[in-house]
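Oh and the sequence shown: position 8 is 7 in numbering that gives the first Met the number 0, straight run, nothing missing.
The beta carbon of each residue, even a glycine, is placed where N, CA and C say it ideally should be.
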Amino acid sequence: MEPLFETDRKYYTKEEFEREPMLVIHLAKNEIYARHGYRFADKDLHNYFMGCIWYSPTCDSGDFDDSIFNDYERANLEILADLDTY
0 MEPLFETDRK YYTKEEFERE PMLVIHLAKN EIYARHGYRF ADKDLHNYFM GCIWYSPTCD
60 SGDFDDSIFN DYERANLEIL ADLDTY
C-alpha cells in the first residue's frame, strides 16, 4: 500500500484535508511517523501500517526523536494534528 499523501515532499494546506474522512486524517498524521520507523503501541495503527510494504518498525516511542522530520513533515504534521479528532 502506497502512502496516502506526499507529506514528506509537499506542503499541504488545511483546506486540502477538509473533505477527507477523519480516519484518513488520522492515518495521514501517523503515516509521517511510520515513514521513520515509529513502532505503534496502538494495535489498529500497528496493524494498518504492517500492511504497508514500505513500513519497517524500528523505533519505540520512548526512543523516537522527531528532529528527524523534514520541513514538509513538520508543517504537515502541525496541520494534521490540529485536524485529527479521531
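Expected contact under 8 angstroms - CB spacing of residue i and residue j to nearest Å
| i | j | result |
| --- | --- | --- |
| F68 | L76 | 7 angstroms |
Pick from the options that is closest to residue i, judged by C-alpha positions
| i | options | result |
| --- | --- | --- |
| W53 | G36, D43, L44 | G36 |
| F39 | E14, G61, Y10 | G61 |
Sequence-distant residues of the same chain with beta carbon closer than 8 angstroms to residue i, five excluded per side
| i | result |
| --- | --- |
| L3 | V23, L26, A27, E30 |
Local Cβ density within 10 Å of residue i, reported as buried at 16 or more and exposed below that
| i | result |
| --- | --- |
| R34 | buried |
| Y32 | buried |
Between the CA atoms of residue j and residue i - distance to the nearest angstrom
| i | j | result |
| --- | --- | --- |
| E1 | D41 | 21 angstroms |
| T17 | D59 | Per the sequence shown, the amino acid found at residue 17 is Glu instead of Thr. Cα-Cα distance, rounded: 31 angstroms. |
| D83 | K13 | 11 angstroms |
| S55 | D43 | 16 angstroms |
Contact set for residue i: own chain, Cβ-Cβ below 7 angstroms, skip 5 residues either direction
| i | result |
| --- | --- |
| Y71 | T6, D7, R8, K9, Y10 |
| Y47 | L26 |
Cβ-based neighbour list, residue i, same chain, cut-off 6 angstroms, excluding 5 preceding and 5 following
| i | result |
| --- | --- |
| F63 | Y37 |
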